[in-house]
Amino acid sequence: MKDPASRSLHVAFAALGLAFLAIFSWVLFSEGVADWRTTQTRFRALETTIKNPHQLAAAASVGGLRQIWLPELDRVDRCVTCHLGIEDPTFAGAPQPFSSHPGTWLATHPSDRFGCTPCHDGQGQATDYRNAAHQPQPFVTRPMRPLETIEANCGVCHRAVDAPDAPRLDEGRALIVQSGCFSCHEIPGFDGLTFHGPALDSIGFKVRPEWLRIWLKDPKSYLERSKMGNFRLSNDEITGLQAFLLSQRVIVPLDSTTIDWPKADTSNGRALFGELRCVSCHTINGRGGTMGPELRRIGDKVRRDWLFSFLKDPHRVQPETAMLQYRLTDDQLRDLSAFLLDEYRAGDTGPEPPPVAYQDARAVAAGRAVFERRGCSSCHRLGSMKQAGRIGPNLAGIADRNPDELVFGNANVRHTADNYIFLKVLHPDALLQPSLMPTFGFARIDAARIALALASIRKTDLPSSYVRTRPPPPPNRPAGRFGELVTRYRCLSCHSIGGFGGDLSTVPLDRIGSQLKHDYVVTYLQNPGAVRVSVEARMPLFHMLSEEATTIADYMSTVLLDDAVDRYDAMFTAAEARRGQELYAQLGCAACHQMGTAGGYVGPELSHTGDRLTPGWIAAWLTSPTTYKPGTLQPDYGLSRTDARALTAYLSSLGTGERSPRAGGRP
Amino acid sequence: MTEPISKRAARWLNGAGRSVFRIGWPQTDKDRAAAMISSFFLHIHPARVSRHALRPTYTFALGLISAILFVILSVTGLALMLYYVPYPPEAYRSMKDLQFVVTFGIVLRNMHRWSAHAMVVVVFLHMCRVFWTGSYKPPREFNWIVGVVLLLLTLGLSFTGYLLPWDQLAFWAITVGTNIAAYAPVVGDQVKYLLLGGHMIGPMTLLRFYVLHCVILPLAMLMLISLHVWRVRKDGLSGGSGQMLPVEEVAGVFPASTKTYGLMSLSKRPRASVESRDPYDEVFAWPHLLYRELLVALAVIVVLHALSLVFMAPLEEIAEPTRTPNPAKAPWYFLGLQELVHYSALIGGVIVPTVLVVALLALPYVDRGTAGAGRWFAPERRVSNIVFTVIVILLAGLTVTGTLFRGPNWAWVWPWK
Amino acid sequence: MSRLLRRACGVILVLPLSLTAGCGRRATPPSDAVVDAIRAEERVGNLSYSEGQGKHLFAQYCATCHGDEGHGDGQNASNLNPPPPDITTSKNARDAAYLRRVIAQGSAATGRSPLSPPWGRSLSAQQIDYLVAYCQALTRTKR
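Protein chains in written order, with the working numbering: chain L, 1 to 667; chain H, 1 to 417; chain S, 1 to 143.
Written out as structure tokens, the structure is:
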């Protein structure tokens, strides 16, 4: 029986058969031209042009899929399937993906231990460009980071340690420390750090009421670099807070009614202001240190009585202040206060307002409520109030938050945790989400750095062998008479001992006794001069007593020592000193160091080095400056022992009035 | 002894060939009949089939396509099993490896995925076809029941396979799916516990789903398919082209033109192959039927390859129990139910599925009249067709709504926005 | 039958097209705010990443003598004899190997005055590469 449809069936069979063949060969073909296969073909072509035949034979060109397996990190990175030249310096500058890895990163982070994606992110398992997530891809949680933000991944392992090759991360972390983010948020890696705004116990005596209003409205309008953010308070809240704060009057300022204010000599105040080197810590018109508050408009802010008392005994008026206590007479204090209040103000502030006697109880209560709700006591101590603790959310694992759960509002940004943190830091209230967090007014770049630092806080349970961490330095406040002096003169506001203290000074005090000569310390403390020509921040003029200076010097030369520096044979020969002088010229030391009036003014002036520094220290410093001060401008010439000794001999002979060799060491 | 070597080789080859295909290339009708009678295909097809059965617009080959898809799924599934590790992080990683490293891995996975989705659709359409042509009427009531169970098994296989990639999509689809199951009264929580091997999806769940997906359900499916096909073979295809004799008339009679072969003829069963057959309206299964089946199989394979090359099977981030996507959606074929659950958990999770399954199972025993059987949309069955069609459209509408028009928090969204 | 087929083909063809068309209509792509902020700061003057890094180092280690822009007009330049060269016009600055040697081993290593000290022991090879990149960028941006 003939099927009438058999002809069309045969045609259909032929067509379908051909279609099947075609599509099946396409399947075969697409596997054969897989991204990584063609890439490897191109690599082999490149290899033959770059390498000579001998190298080629040695290279035994790799074929097939390659991967780095990191069992400890639970990762498989197949990036090396295409990035074939990554470990081969011959391919430096070769076109991507074949170029060798720039820099020394692979030397410090060997690929068999660190792979690729722990630093770069991206999908390591993939074997083609798109799926490796060089660019953001759907369903890849962590696409490759661009170099701009890659430092966030440094911080995953390098926790709370300065990572010298990750400047943005470092700056971000420094900003977190400076801004005291951890006062309101618990931030892993910043445990144990504390941040204090001024205590507010006696603010009612300290500030002018109208100033307080301006400040609460927007701190930046008074002080550009205020650390306090703008809390976006309503006028009612400000009125309440103002009333509440002005009613805080615990420590009564010294009575200045006996002071004859009309006799104040502001020109003497101005002279004192310069002589005491206030600008080492305080900024005036954009110049000066950043340790203390800017003084440009101090006249608008503080009351005269308070200022006088504060200058006379800062530690009584404000116990935690970084300000040191000068030895000044009441007349000098009067002149200085008058000068400050008169010189540094926006306009005529009117007469000294009388202390507010009465505060509206309702307003005070309302202000107290605001004070509690906005967590003011997280930063500001107030005797009558319990510390609020951390009212912000815990930031542990913030970088692992699901972007779908984060509120981005109308912002047209890619929905990533990074961008969320960034926007939140920049404008806490901009993401269509009510927020108690104040607006700190960070520059965009600073917000980005902070975002980087926070983006490195991951939940990952890294094997401990990968984690680099450093416990925070314990408070190291010396005791005894020395301790008293350190407290009075607030040495640790600028200097550090054992990693604890300020970083304004270029000199940590850990081995200062081995570095400086005793007599020099005594003289210097009583009349600090500039060691460096071009540095603005200098030690203030303490008007220290000779007995105090000696105590400090004694303590230093018996406690703050470094054996490696001390044990130095300082019996130099004249030949050594001569050789040192030659070297001084030969190495071009004068390019940076002044001697008399000749030479550059980058480094310290050297004509009195012998009086100032111990020979052991000179030798140690010359031999390996970066050990003692990372990032120093003193170059490491790689001096031999003999050369270092010769230079030391020469430098030790300077300034002692005699050029003859002389026994050095500590007296 | 002087026979040339070429002839001896040819004879040897011929002998080898004959051992496989007993009848050579069939040239005569006798051979064509013998080709079927002597081959494996007799288990599936009779030697002669009615022309009516060959009309593509009658069956649309939906049952055949389902069977082909099952074969494809078995083959690709076996290949995938070689690479798959049913333990949480590795399960996801083996998906990535299939995609990036295994030769043809991604094509295999895509084919498996799209075949599975296609099978759900095709089996469902097959059921609709059987209803619309009234093919579940006696004597095929029981085969309808088998078919309904096969539909449920298909859904079960698809559902258990859904979890195996262990990505977010899988994890949360199964979470939602099993939560719907938990709405069942009394046993709901136990069923969920049994399925998950715990209160939450975890390694135990993955192992259970793996065993269900790769061993238990396929075996059950295979047995039921055999039964299903065998019943088709025995009960005959519905709807002869000519005038159908009412079944009642032949009941109890052993029809003369009914053909059974071999041992089967000894088993006197009055209701085997009840169709009245007109010998002049029949053609040989080979080549007419088998050739067409081959064409359909080819077409299915071509289409699946094309789909697998163009559309990638989805694979999202690794399953993260603490990270709930919004919206979390069940596999698409349960989205109709999820949509209902959104309005009422009781209706969507309990009443509708129970009623649907019970109604499908009871259908052939309730709707027993044979009028209009064997024809598409027979006017005699207008009411039941309308009711069934409305239900199908409602289900499809709900599923499409749940799939395309539901966004975060199950709010209405437009799919193109 | 054939009409049905054609219709089916039509639907299959049009569906993905309309879907992709729907996706393609998205407005400006969302930006990466963090990356943009850092780029805006560090890549002033179209510097590449390495050059941007080098600029930081240059400011710290070199600018006191060589000047912020490498013109040899740093604040300490007047004290030096011979004065520091203008990098932006120097022919040597185009030679990466030469730059690397001067920076790492000091100007004395190239037979010139010893006034430019060796940084090879203080800076990592990576940092020196960044500096080299920045110096070369200085010659490039010379107008």
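By construction, the Cβ of each residue, glycine as well, lies at the ideal position given by its N, Cα and C atoms. Please read all numbers here as calculations on a predicted model, not as lab measurements.
Rounded to the nearest angstrom, the Cβ distance from Ala359/H to Tyr183/H is 19 Å, too far for a contact under 8 Å. Of the candidates Arg449/L, Gly288/L, Ala574/L and Ala322/L, Ala322/L places its Cα closest to the Cα of Cys491/L.
Of the residues assessed, Asp569/L falls on the exposed side of the cut-off, its CB having fewer than 16 other CB atoms within 10 angstroms.
When Cβ pairs closer than 8 Å are counted between the two stretches, the region 598–606 of chain L is seen not to touch the region 549–558 of chain L, the count staying below three. Note that the region 35–50 of chain H touches the region 225–233 of chain H; at least 3 beta-carbon pairs, one per stretch, sit closer than 8 Å. Assigned with DSSP and collapsed to three states, Pro635/L falls in coil, not helix or strand. Per DSSP, reduced to three states, the secondary structure at Phe284/H is strand. From the listed residues Phe231/L, Ser267/L and Val364/L, the smallest Cα separation to Asp342/L is found for Ser267/L. If you draw a straight line from the Cα of His315/L to the Cα of Leu395/L, it comes to about 35 Å.
Taking each of Leu157/H, Ala297/H, Gly198/H and Asp189/H in turn and checking the Cα distance to Phe13/L, the smallest one comes out for Ala297/H.
Look at Pro325/H: its C-beta is under 9 Å from a C-beta on chain L. Around the Cβ of Gln40/L, a 10 Å sphere holds 16 or more other Cβ atoms; the residue is buried.
Listed in chain order, the positions of the region 387–409 of chain L with a beta carbon within less than 7 Å of a beta carbon of chain S would be empty, since no residue qualifies.
Gly397/L carries a coil assignment under DSSP once its states are collapsed to helix, strand and coil. For Asp503/L, the CB contacts under 7 Å within the same chain, skipping 5 residues up- and downstream, are Ser496 in chain order. A straight line joining the alpha-carbon of Leu151/H with that of Phe114/L spans about 51 Å. In the three-state reduction of the DSSP assignment, Ala37/S falls in the helix class. Not one beta carbon of chain S lies nearer than 9 Å to the beta carbon of Thr258/L. In the DSSP secondary-structure assignment, Asp77/L is bridged to Ile68/L. Only those residues of the region 19–36 of chain L whose C-beta falls short of 8 Å from the nearest C-beta of chain H are listed: Ala19, Phe20, Ile23, Phe24, Trp26, Val27, Ser30 and Glu31.
The continuous stretches of beta strand (DSSP E) do not include Val507/L, and DSSP gives it neither H nor E.
Judged by their CB atoms, Val507/L and Ala549/L are not nearer to each other than the 9 Å cut-off. Among the CB atoms of chain H, one or more fall inside 9 Å of the CB of Leu16/L. In the displayed model, Asp121/L falls within coil according to three-state DSSP, outside both helix and strand. Val76/L belongs to the set of residues whose beta carbon lies under 9 Å from a beta carbon in chain H. Its chain contains Asp446, Arg449 and Ile450 as the residues whose beta carbon lies nearer than 7 Å to that of Leu175/L, once the 5 sequence neighbours on both sides are disregarded; these appear in chain order. For Thr648/L, the closest alpha carbon among the candidates Glu87/L, Gln318/L, Val140/L and Thr614/L is that of Thr614/L. In this structure, Ser115/H keeps its C-beta atom at 9 Å or more from the C-beta atom of Leu64/H. Between Ala366/L and Gly240/L, the beta carbon gap of about 4 Å places them in contact (Cβ cut-off 8 Å).
Proximity of the region 617–634 of chain L to the region 117–126 of chain S meets the contact definition, three or more beta-carbon pairs being nearer than 8 Å.
Beta-bridge partners of Arg406/H (DSSP): Trp412/H.
Phe500/L carries a strand assignment under DSSP once its states are collapsed to helix, strand and coil. In the three-state scheme derived from DSSP, where H, G and I count as helix and E and B as strand, Gly299/L is classed as helix. Between Leu108/H and Val102/H, the gap from beta carbon to beta carbon is short of 9 Å. Cβ contact annotation for Lys386/L (same chain, cutoff 6 Å, sequence separation greater than five): none. One finds Arg93, Lys96, Asp97, Gln99, Phe100 and Val101 in chain H with Cβ atoms closer than 9 Å to the Cβ of Gln125/L, taken in chain order.
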